[in-house]
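Note that the protein sequences, when read in sequence, are chains A and B. Following numbering that gives the first Met the number 0, the numbering of the first sequence begins with 0 at its first residue and continues without gaps. Following numbering that gives the first Met the number 0, the numbering of the second sequence begins with 0 at its first residue and continues without gaps. Ideal Cβ placement from N, Cα and C applies to all residues, glycine included. First the structure, in the form of structure tokens, and then the observations on it.
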Amino acid sequence: MPVLLLQILVFGAYTLALVFLAGEAFNWKEDRRLFYVGGNRITLIPMVGTFVATWMSAASVLGYTMWLYADGYVAFTGSVNGWLIGLVLMPFIVRKLRASRALSLPQWLGDTFGDPRLRSLSALALIGAYTFYMVIQFRAFGTIVATLLDIKVLVASALVYLFVLYTTFGGLPSVARSDTLNLSLIVGGVTLAAVTLLGKAGSLGAVHAAMAGRAPEMLHPWTEGWSPLVTTLMMLSWGLGVAANPQYAIRLLSARTTRDAYNTLALSSLIIGVIYAGLTILGLSAFVLFPGVRAASDELAFTRLFSLALPPVPALALFLAVLAAAVSTANSQLLLAACSLCYDLGAREGRNRGDLVTEDRFLFKNRLAIAGIATAALALSQFRLPGVLLIGRYSWTVVAICFFLPLYVIRSPRPRALFVPLSAALLLHLFLTVFMRLLPELALLPALALEGVLYFRPWRKGP
Amino acid sequence: MKPARPLSIETRIKVILTAIAIGLTGLTVGTALTQGLLERTGEARLLLETARSAAGGLSAAQVEPLLERLSPFWKEASPGIPAETVRSTDGKEWRFTLDRSRIWNALVYRQRYVLVAGLIGLLVAVELAVFLAYSLTRPMKVLAWGCEQMRSGRWVRLPTLSRTPYELEALNEAFNGMVEDLKRWQDFQKQAARVERLAALGSVAAAVAHEVKNPLASMRIHLDLLKGRLPAGEKESVAILGTELDRLNQTVSQLLSYARPRPPLFGPVDARELLGWIASMTDTPCRLAGVQQSWAVEEGCPPLWGDEQQLKQVMLNLVLNAVGAQPEGGRVDLATRREGTYVAIRVSDTGPGIPPELLERVFDPFFTTRPDGTGLGLSIVHRIVEGHGGRVSVETSERGTVFTLLLPTAPPEKKES
Numbered sequence: 000m001p002v003l004l005l006q007i008l009v010f011g012a013y014t015l016a017l018v019f020l021a022g023e024a025f026n027w028k029e030d031r032r033l034f035y036v037g038g039n040r041i042t043l044i045p046m047v048g049t050f051v052a053t054w055m056s057a058a059s060v061l062g063y064t065m066w067l068y069a070d071g072y073v074a075f076t077g078s079v080n081g082w083l084i085g086l087v088l089m090p091f092i093v094r095k096l097r098a099s100r101a102l103s104l105p106q107w108l109g110d111t112f113g114d115p116r117l118r119s120l121s122a123l124a125l126i127g128a129y130t131f132y133m134v135i136q137f138r139a140f141g142t143i144v145a146t147l148l149d150i151k152v153l154v155a156s157a158l159v160y161l162f163v164l165y166t167t168f169g170g171l172p173s174v175a176r177s178d179t180l181n182l183s184l185i186v187g188g189v190t191l192a193a194v195t196l197l198g199k200a201g202s203l204g205a206v207h208a209a210m211a212g213r214a215p216e217m218l219h220p221w222t223e224g225w226s227p228l229v230t231t232l233m234m235l236s237w238g239l240g241v242a243a244n245p246q247y248a249i250r251l252l253s254a255r256t257t258r259d260a261y262n263t264l265a266l267s268s269l270i271i272g273v274i275y276a277g278l279t280i281l282g283l284s285a286f287v288l289f290p291g292v293r294a295a296s297d298e299l300a301f302t303r304l305f306s307l308a309l310p311p312v313p314a315l316a317l318f319l320a321v322l323a324a325a326v327s328t329a330n331s332q333l334l335l336a337a338c339s340l341c342y343d344l345g346a347r348e349g350r351n352r353g354d355l356v357t358e359d360r361f362l363f364k365n366r367l368a369i370a371g372i373a374t375a376a377l378a379l380s381q382f383r384l385p386g387v388l389l390i391g392r393y394s395w396t397v398v399a400i401c402f403f404l405p406l407y408v409i410r411s412p413r414p415r416a417l418f419v420p421l422s423a424a425l426l427l428h429l430f431l432t433v434f435m436r437l438l439p440e441l442a443l444l445p446a447l448a449l450e451g452v453l454y455f456r457p458w459r460k461g462p
Numbered sequence: 000m001k002p003a004r005p006l007s008i009e010t011r012i013k014v015i016l017t018a019i020a021i022g023l024t025g026l027t028v029g030t031a032l033t034q035g036l037l038e039r040t041g042e043a044r045l046l047l048e049t050a051r052s053a054a055g056g057l058s059a060a061q062v063e064p065l066l067e068r069l070s071p072f073w074k075e076a077s078p079g080i081p082a083e084t085v086r087s088t089d090g091k092e093w094r095f096t097l098d099r100s101r102i103w104n105a106l107v108y109r110q111r112y113v114l115v116a117g118l119i120g121l122l123v124a125v126e127l128a129v130f131l132a133y134s135l136t137r138p139m140k141v142l143a144w145g146c147e148q149m150r151s152g153r154w155v156r157l158p159t160l161s162r163t164p165y166e167l168e169a170l171n172e173a174f175n176g177m178v179e180d181l182k183r184w185q186d187f188q189k190q191a192a193r194v195e196r197l198a199a200l201g202s203v204a205a206a207v208a209h210e211v212k213n214p215l216a217s218m219r220i221h222l223d224l225l226k227g228r229l230p231a232g233e234k235e236s237v238a239i240l241g242t243e244l245d246r247l248n249q250t251v252s253q254l255l256s257y258a259r260p261r262p263p264l265f266g267p268v269d270a271r272e273l274l275g276w277i278a279s280m281t282d283t284p285c286r287l288a289g290v291q292q293s294w295a296v297e298e299g300c301p302p303l304w305g306d307e308q309q310l311k312q313v314m315l316n317l318v319l320n321a322v323g324a325q326p327e328g329g330r331v332d333l334a335t336r337r338e339g340t341y342v343a344i345r346v347s348d349t350g351p352g353i354p355p356e357l358l359e360r361v362f363d364p365f366f367t368t369r370p371d372g373t374g375l376g377l378s379i380v381h382r383i384v385e386g387h388g389g390r391v392s393v394e395t396s397e398r399g400t401v402f403t404l405l406l407p408t409a410p411p412e413k414k415e416s
């Protein structure tokens with residue numbers, strides 16, 4: 000069978016699986032709690048599915064693998080290590096979050112500090128961060144499919160756009176069900192590709208030996224270009240961004256029980272570890288077997304490299320894993336962005352639960368917002384924007400400024416005391432990244448420090 | 000074993016539209032590929048025949064470049080498998096088989112946009128199915144909600160949904176019509192039960208009042224006789240006793256007039272005279288309570304058809320009630336307005352209003368919120384107005400209460416004519 004036909008048939012099979020496994024988009028008895036947090040009744044398996052699938056974005060699968068291919072283990076120190084720090088911190092906020100009945104993190108923030116301005120400000124930040132992060136997902140998959148099938152990127156991106164729209168229309172229950180399918184595709188695709196490539200390379204030892212001979216600097220956790228301090232700061236910033244990311248916090252809030260939330264974190268860390276190990280094998284083995292593959296973008300280089308390095312079926316499984324990662328991350332972010340727009344920033348009547356008809360109208364508006372935000376992200380994905388990981392850095396650092404301090408540091412919130420520190424921190428971050436040309440993750444730390452100093456005001460005596 | 004849950008409308012429509020999308024894509028692409036394959040095979044055979052006939056008159060060296068033109072469709076055949084042959088004049092033979100895989104790849108590549116469009120079409124069809132199902136199930140969902148509300152005793156009116164098919168809108172309207180009929184029927188039943196209850200109460204009240212009224216009269220006479228004989232120190236107690244006896248007598252009289260009202264003596268009653276009389280009668284209590292009073296009769300207001308004495312009693316009860324509702328002072332306004340063959344008389348005050356939960360009971364006998372009230376004033380108003388073929392209604396809010404009497408302007412015979 001022609002490979003092209005096989006690829007299209009596989010994407011078709013994925014479409015059908017998604018359509019019939021994601022369940023119904025319009026639940027018969029839905030309300031905003033079911034739509035946003037699955038009625039706080041999501042059980043362990045779909046919880047793990049949605050947590051890990053959301054974690055593994057196209058940026059992780061593709062960006063990390065290509066960084067590893069280009070620079071070696073510094074990619075692990077600079078990104079994955081940081082993300083895992085974020086994962087380690089998460090158990091500390093489970094009880095704090097679950098004590099609240101909030102439906103969104105901006106709501107939690109506004110309620111905790113008794114300040115509606117905080118809710119609006121953080122909601123605005125989330126809409127911006129998530130819309131841009133979705134651009135990565137659309138662009139990554141769009142470029143891969145466009146290269147594979149030799150079609151226009153816009154047509155290929157439209158595919159992932161439709162997948163994302165379909166799974167998000169049903170709210171978190173539909174996202175969680177489709178994410179379970181996506182996770183199995185990610186694990187299966189990455190594992191099959193990694194095993195095939197490792198078979199070609201011999202063993203991990205052989206890969207390391209080849210690297211030691213050809214490019215020994217790639218085995219070091221940091222390169223000459225990046226000092227240990229910069230790498231550590233970068234790692235720390237990624238960690239803080241992930242730890243405070245509402246897309247994970249909202250999942251902890253949606254779990255049926257607190258125990259399920261803790262178990263989700265434990266099981267997810269195992270699966271995430273397996274996937275990162277697979278991606279590490281892929282990146283390093285590809286460097287050893289097919290060095291020097293370069294292209295205009297990471298997405299293009301990834302497609303060329305693995306089309307070359309892998310036989311058609313494992314390559315297709317890997318590209319399907321990128322699709323699954325893109326869909327699962329984008330739908331989660333799309334849902335949160337729509338929630339911020341309609342629930343946190345929306346009209347006053349949107350903030351309280353109404354009768355069935357009002358609720359129905361409110362959720363319909365959410366679906367229109369989902370379509371609107373996804374369309375905006377699709378349009379932005381067609382423009383020339385910074386690289387995949389750079390967009391991710393901007394997004395996560397803004398999220399970290401909004402939520403890290405209130406989630407992890409502040410124990411006794413003072414009413415209406417956070418708005419000014421938070422606004423000042425966001426402005427400082429903007430100044431440092433745009434005018435001082437500092438990397439977003441390096442600008443995060445002074446911004447967080449300013450937020451902390453302005454909030455705690457250590458120069459003041461007593462409470 | 001728990002029976003399987005039936006498929007939802009959304010799933011059914013999704014299945015149908017997905018099948019249509021797959022079918023159409025399959026048909027379009029299948030036709031295009033089959034046609035392409037037939038055409039390419041035909042072209043390949045024609046090319047081979049041309050090469051074969053040309054090769055018959057050429058040497059091997061001349062045939063070689065000719066055969067290169069066969070390469071997009073034909074490949075050299077392995078020995079032992081059936082193949083097409085081309086021979087040169089010097090006897091060299093070439094064996095070829097159709098390169099179907101290459102032809103297929105080329106065809107699929109040419110049709111790749113159609114295939115992707117089919118995939119996109121499939122997704123669009125599914126998303127359309129979702130919204131189609133939504134537009135169909137939304138009115139049903141609202142209807143089911145309405146039924147549940149009714150079952151739990153809450154009267155609801157289903158809202159008109161935008162962009163709903165007219166068939167479902169008709170279902171919605173039918174439900175609302177049914178609710179209105181049921182509500183009317185329930186109101187009627189309530190009214191009938193109230194009339195029955197009041198009739199029974201009236202009979203008992205009349206009997207009791209009759210039995211009490213005579214001993215009361217006797218007690219009053221003997222108290223008056225005693226008053227002259229008692230020492231000065233005891234006179235105050237006797238005066239209190241007398242006041243209380245009078246109050247009791249008034250209550251019994253009211254009870255009797257409620258339970259056994261005398262038949263009305265109908266005749267024309269001038270609204271201006273009626274309201275003027277009321278204003279003068281209630282002037283003192285209004286001043287004492289700090290209540291401002293005003294009255295106005297619409298120009299050309301026709302006379303009412305009723306019993307003047309009974310109507311005076313009605314108006315007196317309403318105005319005194321309004322004054323009593325404003326102990327801190329306020330306003331009482333009387334006004335008339337013609338409404339067809341009726342005259343509407345409005346008695347409005349600026350008091351704190353009646354709590355909504357008590358509104359239904361204000362015309363019930365013995366229902367009062369004032370410690371010194373008998374609870375018969377408004378019941379008598381209701382009974383007299385109904386006896387005149389009129390209606391009394393009440394509207395209340397935190398800014399005040401308005402009682403509206405609707406009284407006929409002509410006797411029933413004239414009205415019919």
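Presumed contact (8 Å Cβ cut-off) between residue i and residue j, rounded CB distance
i: residue 369 of chain B; j: residue 323 of chain B; result: 6 Å
i: residue 37 of chain A; j: residue 172 of chain A; result: 5 Å
i: residue 134 of chain A; j: residue 380 of chain A; result: 5 Å
i: residue 380 of chain B; j: residue 316 of chain B; result: 5 Å
i: residue 51 of chain A; j: residue 182 of chain A; result: 5 Å
i: residue 97 of chain A; j: residue 252 of chain A; result: 6 Å
i: residue 329 of chain A; j: residue 60 of chain A; result: That pair is no contact at about 13 Å.
Limits of the beta strand (DSSP E) - the one that residue i falls within
i: residue 402 of chain B; result: 399-407
i: residue 344 of chain B; result: 341-348
i: residue 393 of chain B; result: 390-396
i: residue 148 of chain B; result: Here residue 148 of chain B belongs to no beta strand (DSSP E); instead the alpha helix (DSSP H) covers 111-150.
i: residue 86 of chain B; result: 83-86
i: residue 95 of chain B; result: 92-97
i: residue 352 of chain B; result: Here residue 352 of chain B belongs to no beta strand (DSSP E), and DSSP marks it neither H nor E.
Continuous alpha helix (DSSP H) stretch holding residue i: start and end
i: residue 259 of chain A; result: 257-288
i: residue 32 of chain A; result: 31-36
i: residue 332 of chain B; result: No alpha helix (DSSP H) holds residue 332 of chain B; the beta strand (DSSP E) holding it covers 329-338.
Interface flag, residue i vs chain E, CB-CB below 8 Å
i: residue 153 of chain A; result: The displayed structure is made up of protein chains A and B, and chain E is not among them.
Contacts of residue i in chain B (Cβ-Cβ under 7 Å)
i: residue 1 of chain A; result: 103, 104, 107
i: residue 18 of chain A; result: 13, 17, 125
i: residue 165 of chain A; result: 122, 125, 126
i: residue 14 of chain A; result: 118, 121, 122
Chain B contact for residue i (CB, 8 Å cutoff)
i: residue 318 of chain A; result: no
i: residue 10 of chain A; result: yes
i: residue 168 of chain A; result: yes
i: residue 159 of chain A; result: no
i: residue 149 of chain A; result: yes
i: residue 7 of chain A; result: yes
i: residue 304 of chain A; result: no
i: residue 146 of chain A; result: no
Neighbour flag for residue i against chain A, beta carbons, 8 Å
i: residue 114 of chain B; result: yes
i: residue 133 of chain B; result: yes
i: residue 164 of chain B; result: no
Partner residues on chain A for residue i, Cβ-Cβ distance less than 9 Å
i: residue 141 of chain B; result: 355, 356, 359
i: residue 129 of chain B; result: 23, 24, 25, 165, 168, 169
Any non-hydrogen atom of the ligand NAD within 7 Å of residue i CB
i: residue 262 of chain B; result: Annotation note on the ligand NAD: not contained in the displayed structure, which lists no ligands.
Beta-carbon neighbours of residue i, restricted to chain B and to distances below 9 Å
i: residue 162 of chain A; result: 122
Which residue spans inside the segment 321-361 of chain A form an unbroken beta strand (DSSP E) run of at least 3? The segment 321-361 of chain A contains no whole beta strand (DSSP E) run of 3 or more residues.
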